Amino acid sequence: MRHLKILEYALSSLLRRKYKNLSLVAVYAFTVSILASILFLTHALKREAVAVFSDAPDLIVQKVSAGRHDLIPTGYLDSIRTIAGVGDVHPRYWGYYFDAMTQSNFTFLGINENLAGLELVQGRMPAEKGECTIGQGVAQAQFTGVGDQLVLIDSRRRSISFRIVGIFDAASNLLSNDLVLMTQRGLREFFDFPSGRATDIVVEVYNPDEISTVAAKIKKMLPDTRPIAKAELFRTYDSVFNWRSGMMLTLFSAALVAFSILAWDKAAGISGDEKGEIGILKAVGWDIADILELKFWEGIVISLTALLVGLTVAFVHVFLFNAPLLTPVLKGWSVLFPTFRLTPYIDLYQVFVIALLTVTPYVACTVIPSWKAAVTDPEMVMRG
Amino acid sequence: MMEAGLIQAEGVDKIYNRGKPDEIRALTNVSLQIKPGEVVVLKGPSGSGKTSLLSLIGCMARPTSGRVLVRDKDVAKLPERFLTQIRRKTFGFIFQQFNLIRKADVLENIALPLFPCNMTMAETRERAEAILDRFGLSGKRNRKVHRLSGGEQQRVAIARALINNPEVLIADEPTAHLDRKLAEDLAEILSALHRDGKTVIIATHDPFLYDHPFVDRIIVMQDGRIEGVIPS
Amino acid sequence: MILHPGILALIVGSVLTFAMLLYAAVTGLGILMRWDLQSSSEEQLLMERKTSLISTLINYAFGFQILSLLLFLYTADQLHPQFVGAMCATGTLNANPAGWNVLFLKIILFFASAFWIAVNTLDQRAEDFPLIRPKYTALLFLTPLVGLDLYFQLRYFTGLHPEVITSCCGALFSERGFAIASGLAGLPPRPMMILFYGVLTTNLGITLLCRKTSSGAVRFLLASISVVTFFVGIASIVSFVSIYIYELPSHHCPFDILQQGYAFIGYPIYLTLFGGVFFGTLPGLFYPMKKIATLKELIERSEQRWILLSALLIGSFTALCSWPVVFGHFTLQGYL
Amino acid sequence: MKKHRIFLGMTLVECLVLGLLFFYSHTVLETNEKKLIPAKQKMVKYLELTDLSIWTEARYTRHPSQADLFTPFQDFPSAFEHFPAGSILAPGRPADSTTTLQIRR
């Protein structure tokens, strides 16, 4: 009962200084929402990567030459096939293309001629040399649509035009934004691949537990190669986004520090008015513990309100409006930046971390100043 | 237990800022006894130690030496939170300044001493309402205190002092900021409390109060010592 | 070092807690040196007031300790994909030897701060600060522990190199391993179950006995059996409770039961065990303090509550652990 | 003297709003997981994709999992840091370090 009444008093005491406290809550909620936006966004991207890449190639073998990624001889395919537990082994053909007109980079990918259509494509897959299927980003950069021609300059400075037979849906932007799909033959001709070379090799391994063993065997057999396992792909994404969110949190912790200073100042610089009030409370029979509890409730009211508001704002910002305030930070120099709608992955862990990151400093900042206020001598009130 | 032992001070000294250049000796070897139901006036010029003595009696401060007994319990050495408890249960205070929380409303100001007590919100409210009625403040329960007149503020302060139903009412210069009419109202209230059997201790140098018929005893103070007692 | 939000939260929180406790310890040292209840100097008065600040600081620090224990396990669990072979929190903890130190320290701190708060609560209810010296001496030991916790956390997190191959929990908690933890899993379920129920029945029996008599020996016995219960309880969770919950004969991880997939069943299990053990040790711990006149009555009044709470919590713990054993689909037959 | 009720009520409402948002996210998640995610998984499987197309300015930002530690310096002798993606993107770890470790073991 007592606690509720002290909460009641804390509320009316906060209301008595409502402008000051409202501005405090606003700044606090803003800080929370920035931090929460970062966490929500990166977590959602991470989860998306994990969910989407579950069927990614088990093992990719690259050739490394003089420390650089090099085209791999297709002769390696047969060596790899001899390893026990290995299923299908085939080359991948892909590469990058800088489009001078739009100043953007595309990713070219050569596919088998007879690939079935995919769900997230309007139109169809390229079936012969002069056809291509492109991502939304490419289509928008080139102002083209299905049926139009995509004109590209090949390595001999010849302009070659491809007929666009399909465009990826916006829903797949996170995967396909900068893709230009063409047939393998088309791609090899376009980039003028030396015969007997591919970009890298995809290896299927029957038993997922054996992937690293197979990788080790490949590495031993073909020392100039670099096998990349699926688990490493996940790990990369995990660390990229952890690192990224950690980095951004570290940058934005400046905001947190600034806020803590504000909180400290607010709590330490208790006005004469407040000091007088606390003296009166002590004189009419409030104990130090009661006043500390009062201050505790004041802190809880402010931080809880700010936390909940901040979380809500962050959720709306990231998942309903696609994080307009954070995309510049994410986007960087990329000309093609996917407009993606994130799947709202949220778990309690995120909320827990945000709460701890923001509430702990606030509580810590207010405890000593509020104690200083609490020890006011009640006798002071008698003397006026 | 003897009746005599409601409040007792034995050889009490009070020194402020001891050992520092601004050391002040507020009380020297003060002894007195206050019986239940008594109205006692501490009389003396400002700086004679009245307020210091009141705060010691009212468990607001601890003596530098000597003993203060409230119902035979030595309060001089109690930790502060026990002092607070005793203060809350035993004493009601009327301060020279009204010491109200200005921007809070009347009801809240009156209920102030009840917040840290273990009773329900409804009960707290009920008690505050009852005392509001008694002082004719019901109509102003939601008014902010700083919008009230001086007399109303005085009544709020008294109502707050009485809400815990204390045995002892301590008033420090209660008429200092009041005109004659309001002082008479106050005296009326105090004598009513006296009739109810409450102990009242008043520090004042206002003749209107210490010459009032309800006063049982006048303790004359000078330079931190008790100069004499006038039983009236 | 992995810049992970959870790690940042843990380190920020631990630094703040340590700073708070450092302040508390310095103040406490002053109190130990100059405390004189008979004096009515302003210094003494200030010290008395500071005790209430320190109570608040430690309450906050303790609150954070509980949260940080959870956060630490959670974060370790979240990080496991970064380590080759790590399949749950165990793998992440193995990635750097300091990991287990942090976990053990956090558990020790959990109990230590809970005891300190119990002592403090009691002390504050007596009129003459009877426990002020032992209390603040204990604080001087508690603070370095928190510092150590911070140090190990920093060492652990800075020493996490995601490339290092860790033995996965399958290997650690399988019979082949050599660490302490794998030794726990190696304990065969059947004898472990007998030991588990034996210890718990004894514990509950002594608890009931405690309610009947006021003998000190019984209280010490309860405290000792509570400590035994703690270790047997943890060992049993690793040895057989976990496999009944996971319904996998080889999965012994004591952390996975905290996850959503198992309906967060780990929280009530650990909470009841920790709580029951804590309240079980209190009567024994406070028995010697009954010599202090101002505390005798207070202790006797609280004691009954502690004993009751201990019995309730240990009882619930037993029920929670037995539930999957008795009602689950999984049987150990054929694996034993 | 009802402020505490108002506050508790408001906090509950806030929690409820947040809860509803989370619930909404859950439903979106479910539909996505039923429809979009399998479609995307299929896409990844058929096209053998390995990376998200978020940053397209350099090889190591476009395909973080396929690049190695040297990649940032290979684009151009005095290559610009691709800010901010490049600066806050932990470079891909040399994938073969794990395998070599295993061989050593």
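Chains as they are written, first to last, in the working numbering: chain A, 8 to 391; chain B, 62 to 293; chain C, 766 to 1101; chain D, 43 to 147.
We treat Cβ as the ideally placed atom computed from N, Cα and C, and that holds for glycine.
None of the values given here were measured: they were computed from a predicted structure.
With its beta carbon at least 9 Å from every one in chain A, K76/D lies outside the interface. For the set D842/C, L811/C, V1090/C and L952/C, the Cα lying nearest the Cα of Y1011/C is the one of V1090/C.
Going by C-alpha positions, L42/A is about 7 Å away from F259/A.
Within the stretch 144 to 169 of chain B, contact with chain A at the beta-carbon level (separation under 7 Å) is assigned to T145, R148, R149, F154, F156, Q157, Q158, N160, I162, K164, A165 and E169. Here the stretch 264 to 271 of chain A makes no contact with the stretch 195 to 203 of chain B; the two share fewer than three CB pairs at distances below 8 Å. In the three-state reduction of the DSSP assignment, H255/B falls in the helix class, which pools H, G and I. T260/B is bridged by DSSP to V229/B.
Here the alpha carbons of W271/A and R348/A stand approximately 39 Å from one another. Ranked by Cα distance from I873/C, the first of R898/C, V1042/C, L1085/C and A860/C is V1042/C. Where H97/A is concerned, the enclosing beta strand (DSSP E) starts and stops at V93 to D106. Here the alpha carbons of E90/D and I218/A stand approximately 17 Å from one another. The stretch 180 to 189 of chain A and the stretch 81 to 100 of chain D touch, with three or more beta-carbon pairs separated by less than 8 Å. If you look at Q108/D, you'll find it isn't in any alpha helix (DSSP H); DSSP assigns it neither H nor E.
In this structure the stretch 11 to 26 of chain A touches the stretch 169 to 181 of chain B; the number of beta carbon pairs closer than 8 Å is three or more. Any Cβ of chain C closer than 9 Å to the Cβ of N179/B would place that residue at the interface, and such an atom is absent.
In the structure shown, the three-state DSSP call for S278/A is coil.
The stretch 366 to 381 of chain A makes no contact with the stretch 100 to 118 of chain B, as fewer than three CB pairs between them are under 8 Å.
The three-state reading of DSSP puts G80/B in coil, since its state is none of H, G, I, E or B. For the stretch 827 to 841 of chain C, residues whose beta-carbon sits nearer than 7 Å to a beta-carbon of chain A comprise F829, L832, L836 and Y839. Nearest in C-alpha terms to E120/A, of all of A146/A, H76/A, L194/A and D176/A, is L194/A. By the 16-neighbour rule on beta-carbons within 10 angstroms, K111/B is buried.
Contact between G98/B and G258/B holds, since their C-beta atoms are separated by about 5 Å, short of 8 Å. Selection D65/A, A223/A, D297/A and L333/A evaluated against S40/A yields L333/A as nearest (Cα-Cα). In this structure, DSSP gives K96/B a state outside helix and strand, which the three-state scheme calls coil. Chain C has no Cβ within less than 9 Å of the Cβ of L288/A. Segment contact: the stretch 306 to 324 of chain A against the stretch 183 to 195 of chain B, fewer than three CB-CB distances shorter than 8 Å; contact not assigned. Inter-segment contact for the stretch 207 to 225 of chain A and the stretch 133 to 144 of chain A is absent: fewer than three beta-carbon pairs are separated by less than 8 Å. Under the 10 Å beta carbon count, K815/C is surrounded by 16 or more other beta carbons and is classified as buried. Of the residues assessed, Y1032/C falls on the exposed side of the cut-off, its CB having fewer than 16 other CB atoms within 10 angstroms. Of all residues in the stretch 357 to 369 of chain A, the ones placed with a Cβ closer than 7 Å to any Cβ belonging to chain C are F359, V360, L363, L364, T367 and P368, in chain order.
A residue is called buried when at least 16 other Cβ atoms come within 10 angstroms of its Cβ; D294/A meets this threshold and is buried.
C-alpha of A236/A to C-alpha of T367/A: approximately 40 Å in a straight line. With a cutoff of 9 Å on beta-carbon distance, A841/C and L363/A are scored as not near each other.
In this structure, I219/B places its C-beta atom within 9 Å of the C-beta atom of L247/B.
Burial check for M255/A: the Cβ neighbour count within 10 Å reaches 16 or more, so the residue is buried. With fewer than 16 other Cβ atoms inside 10 Å of its own Cβ, L327/A counts as exposed.
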